[in-house]
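Q: Input: one structure, supplied below.
Numbering (full-length UniProt numbering), first residue to last: 1 to 94.
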């Protein structure tokens, strides 16, 4: 029995949109990590601290996943661009 392999081919427009979505997701994940860290630092309620930890871990996991996707789609940006939150603009020179 032979295995079937399904391949997908994207148009240039579709591929550009996928890459843009990945970069937007990276930017959002970074912002979410910062927001969760700020929330964690500014709360004293133990339940809210747990919530902040949960949200930060979710953002980190999403960020790691999106970096894997970026590598898969051969997206490269500098750490400086990520730190400055300019990944989309840097990649597309907008």
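Ideal Cβ placement from N, Cα and C applies to all residues, glycine included. Quick caveat: nothing in here was measured; it's all calculated off a predicted structure.
For the segment 5-59, list the alpha helix (DSSP H) runs that are entirely contained and at least 4 residues long, ordered along the chain.
A: 12-41
Q: Residue 47: beta carbon under 7 angstroms from a heavy atom of the ligand ZN?
A: For the ligand ZN, the structure offers nothing, since it holds no ligand at all.
Q: Cβ of residue 26 within 8 angstroms of Cβ of residue 63?
A: In the chain shown, counting from the first residue as 1, residue 26 sits at position 26. In the chain shown, counting from the first residue as 1, residue 63 sits at position 63. Yes. Within cutoff.
Q: By the 10 Å Cβ neighbour count, where 16 or more other Cβ atoms means buried, how is residue 66 classified, buried or exposed?
A: Your numbering for residue 66 matches position 66 in the chain shown. Classification of residue 66: buried, given that the 10 Å Cβ count is 16 or more.
Q: To the nearest angstrom, how far is it from the Cα of residue 39 to the Cα of residue 70?
A: If you number the chain shown from 1, residue 39 lands on position 39. If you number the chain shown from 1, residue 70 lands on position 70. About 28 angstroms.
Q: Should the segment 34-50 be called in touch with the segment 18-25, which here means at least 3 C-beta pairs below 8 angstroms?
A: no
Q: I need the straight-line Cα distance from residue 76 to residue 16, nearest angstrom please.
A: Taking the chain shown and counting its residues from 1, the one referred to as residue 76 is at position 76. Taking the chain shown and counting its residues from 1, the one referred to as residue 16 is at position 16. Their backbone Cα atoms lie some 13 angstroms apart in a straight line.
Q: So, for residue 57: in the same chain, excluding its five sequence neighbours on each side, which residues have a beta-carbon less than 6 angstroms away from its beta-carbon?
A: Stepping through the chain shown from its first residue, residue 57 is reached at position 57. Sequence-distant partners of residue 57 (beyond 5 residues in either direction) whose C-beta falls short of 6 angstroms from its own C-beta are missing from its chain.
Q: Measuring alpha carbon to alpha carbon, tell me which of 37, 74, 61 ends up nearest residue 52.
A: As a working note, residue 52 is residue 52 in the chain shown. Nearest of 37, 74, 61 to residue 52, Cα basis: 37.
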